[in-house]
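Chains B and A, in that order, are what the protein sequence lines are.
Following full-length UniProt numbering, the residues of the first sequence are numbered contiguously, the last one being 193.
Following full-length UniProt numbering, the residues of the second sequence are numbered contiguously, the last one being 193.
There are 2 protein chains.
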Amino acid sequence: MRSAEFDKVAVLRAAMQAFLNKGYTKTSMQDLKQATGLHPGSIYCAFENKRGLLLAAISQYNQDRSDEFCAFFINSDSSKQGLETYLEHIVEECLSCDSSKACLLTKALNELAEQDDEVQTLISQQLEAWQSAITDKFARAQNEGDISDSRSAECRGRYFVMGIYGLRTFANTHPEPDTLKKLAKQLFKDVCA
Amino acid sequence: MRSAEFDKVAVLRAAMQAFLNKGYTKTSMQDLKQATGLHPGSIYCAFENKRGLLLAAISQYNQDRSDEFCAFFINSDSSKQGLETYLEHIVEECLSCDSSKACLLTKALNELAEQDDEVQTLISQQLEAWQSAITDKFARAQNEGDISDSRSAECRGRYFVMGIYGLRTFANTHPEPDTLKKLAKQLFKDVCA
DNA sequence: GCCCTATTTGAATGATCGTTCAAGAACTTT
DNA sequence: AAAGTTCTTGAACGATCATTCAAATAGGGC
Chain B
1 MRSAEFDKVA VLRAAMQAFL NKGYTKTSMQ DLKQATGLHP GSIYCAFENK RGLLLAAISQ
61 YNQDRSDEFC AFFINSDSSK QGLETYLEHI VEECLSCDSS KACLLTKALN ELAEQDDEVQ
121 TLISQQLEAW QSAITDKFAR AQNEGDISDS RSAECRGRYF VMGIYGLRTF ANTHPEPDTL
181 KKLAKQLFKD VCA
Chain A
1 MRSAEFDKVA VLRAAMQAFL NKGYTKTSMQ DLKQATGLHP GSIYCAFENK RGLLLAAISQ
61 YNQDRSDEFC AFFINSDSSK QGLETYLEHI VEECLSCDSS KACLLTKALN ELAEQDDEVQ
121 TLISQQLEAW QSAITDKFAR AQNEGDISDS RSAECRGRYF VMGIYGLRTF ANTHPEPDTL
181 KKLAKQLFKD VCA
């Protein structure tokens with residue numbers, strides 16, 4: 001046996017950047033070759049086809065974002081504080097100039113959901129897990145006494161997720177720091193009320 | 001002179017449906033021929049190229065949605081009530097099964113913004129006008145005494161728009177009527193507080 | 001009713017797309 | 001060190017894409 005020469009995670013991260021730049025359809029195999037450094041044949045050998053590379057890149061993206069999310073809550077005894085910092089982090093991300101300010105999950109879902117059930121299902125599950133993780137933090141914050149029980153954690157989690165979706169889209173046309181920060185602040189206030 | 005034989009508005013509405021179904025890139029000229037009933041040559045004669053047809057379809061879409069928005073406020077002396085009904089209407093739209101539940105403006109912006117400055121500019125202006133119209137209704141509602149002056153109309157307009165963006169995206173993975181209606185209700189409560 | 005001009009038609013064009021495959025290169029095992 | 005197996009390479013393939021254009025068609029002005 002001879003093992004592949006390339007770093008699979010690095011290739012997937014390069015691919016997700018390429019998909020974020022141009023979208024799935026407009027990203028050609030030539031673009032992917034340039035971004036990943038892999039020749040077409042190697043891509044087909046490792047991921048079956050272009051769509052397989054997208055699916056793998058999406059899963060890697062989800063893994064990375066999930067790890068990133070968890071990092072906001074280790075070494076912290078306040079879940080509410082962690083959620084607030086996480087939201088601020090997302091705002092900073094929206095203000096970034098490169099194309100990684102978008103979320104690959106929602107971007108791919110928007111582009112392919114109506115045409116590809118497998119992509120739709122995969123992304124839906126991942127977004128569901130993300131929402132579930134957020135809901136869990138709200139439940140913890142309620143247990144910690146930082147947020148009241150007047151509304152359920154599920155209710156707050158949904159609203160928070162909706163707000164992040166909205167912030168990301170809003171940032172496309174209004175990338176002004178003050179506006180976004182103010183919106184996020186209001187969102188966090190409302191979701192904790 | 002000989003005038004064109006087709007109904008331009010009908011063609012543009014058919015084109016926007018096609019673009020909503022598959023997205024701009026994946027909608028082929030064959031799809032557009034089938035959707036509009038126009039042969040390629042006629043499309044190029046009337047709209048210059050595929051991109052020109054998209055730009056025209058976007059403008060028509062914006063016109064239609066703008067008219068629709070205004071209809072919620074004629075024969076009504078309560079701007080606040082109009083906004084609430086409008087939001088309920090958007091929720092109903094999100095629950096629709098066909099692909100017209102998406103917004104062509106945000107869909108096209110997501111797909112093409114990073115690659116086409118003219119599309120980006122056109123859509124940004126139209127979304128700005130929409131936000132401005134909403135802000136104006138909040139200002140009226142404040143004048144009418146239905147909403148307090150504790151926050152500016154601009155602030156409320158931005159938040160409302162952000163919430164609608166969020167609702168639309170959220171509906172992609174959670175098309176459950178009760179959940180969406182509850183989210184919209186909470187949004188309206190928060191934006192009016 | 002006839003000519004002129006603009007529109008409609010649909011086949012043809014060149015480019016680019018995702019994908020395949022046979023040959024060459026390199027690592028592992030013996 | 002040689003053989004065997006797997007990965008890599010990049011040219012070639014058919015399909016499909018947006019676009020063009022010359023011929024056919026049909027309305028408006030006289």
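Beta carbons: idealized from backbone N, C-alpha and C, even for Gly.
> Should B/Val9 be flagged as near chain A, meaning a C-beta pair shorter than 9 Å?
Replying inline: no
> DSSP three-state call for residue 195 of chain A: helix, strand or coil?
Replying inline: Residue 195 of chain A lies beyond the stretch modelled for chain A, which goes from 1 to 193, so this question has no answer here.
> Where do the N-terminal and C-terminal ends of the alpha helix (DSSP H) with B/Glu176 fall, by residue?
Replying inline: Where B/Glu176 is concerned, there is no enclosing alpha helix (DSSP H), given that its DSSP letter is neither H nor E.
>> Rounded to the nearest angstrom, what separates A/Lys80 and A/Lys137 at their Cα positions?
In response: 7 Å
>> I'd like to know whether the C-beta atoms of B/Leu104 and B/Ala57 end up nearer to each other than 9 Å.
In response: yes
>> Buried or exposed for A/Asp190, going by 16 or more other Cβ atoms inside 10 Å?
In response: When all chains shown are included, A/Asp190 counts as buried.
> Going along chain A in order, which residues have a C-beta closer than 7 Å to the C-beta of B/Val161?
Replying inline: Residues of chain A with a Cβ closer than 7 Å to the Cβ of B/Val161 are, in chain order, Phe170.
> Can you find a CB in chain B that lies within less than 9 Å of the CB of A/Gln115?
Replying inline: yes
>> Give me the residue from B/Leu54, B/Asp98, B/Trp130 and B/Ser100 with the minimum Cα distance to B/Glu118.
In response: B/Leu54
> How about B/Ala193: is its C-beta nearer than 9 Å to some C-beta of chain A?
Replying inline: yes
>> So for B/Met181, helix, strand or coil by DSSP?
In response: The sequence given here places Lys at residue 181 of chain B; Met does not occur at that position. Looking at B/Lys181 - three-state DSSP - the assignment turns out to be helix.
>> Rounded to the nearest angstrom, what separates A/Ser96 and B/Asp7 at their Cα positions?
In response: 44 Å
> Residues of chain B with a CB under 7 Å from the CB of A/Leu127: which are they?
Replying inline: Thr173
>> My parser needs the alpha helix (DSSP H) runs of 4 or more residues fully inside the segment 60-117 of chain B; what are they?
In response: 79-95 and 104-112
> Can at least three beta-carbon pairs, one atom from the segment 59-73 of chain B and one from the segment 81-89 of chain B, be found at a separation below 8 Å?
Replying inline: yes
> Around the Cβ of B/Gln63, are there at least 16 other Cβ atoms within 10 angstroms (buried) or fewer (exposed)?
Replying inline: exposed
> If you drop the 5 nearest sequence neighbours on each side, which residues of the same chain put their C-beta closer than 6 Å to that of B/Cys192?
Replying inline: Ile147
> What is the rounded straight-line gap between the Cα of B/His174 and the Cα of B/Leu183?
Replying inline: 11 Å
> If we ignore side chains and look at the alpha-carbon of each, how far apart do B/Gln30 and A/Arg140 end up?
Replying inline: 54 Å
> Between which two residues does the alpha helix (DSSP H) containing B/Tyr44 stretch?
Replying inline: Pro40 to Phe47
>> Between B/Arg51, B/Glu128, B/Tyr24 and B/Gln60, which has its C-alpha nearest B/Met162's C-alpha?
In response: B/Glu128
>> Can you pull the chain B neighbours of A/Ala165, defined as C-beta to C-beta under 7 Å?
In response: First, the residue type needs correcting, since residue 165 of chain A is Tyr and not Ala in the sequence shown. Going along chain B in sequence order, the residues near A/Tyr165 (Cβ under 7 Å) are Tyr165, Gly166, Thr169 and Phe170.
>> Let's see if you can read the secondary structure: which residues bound the alpha helix (DSSP H) around A/Asp31?
In response: Met29 to Thr36
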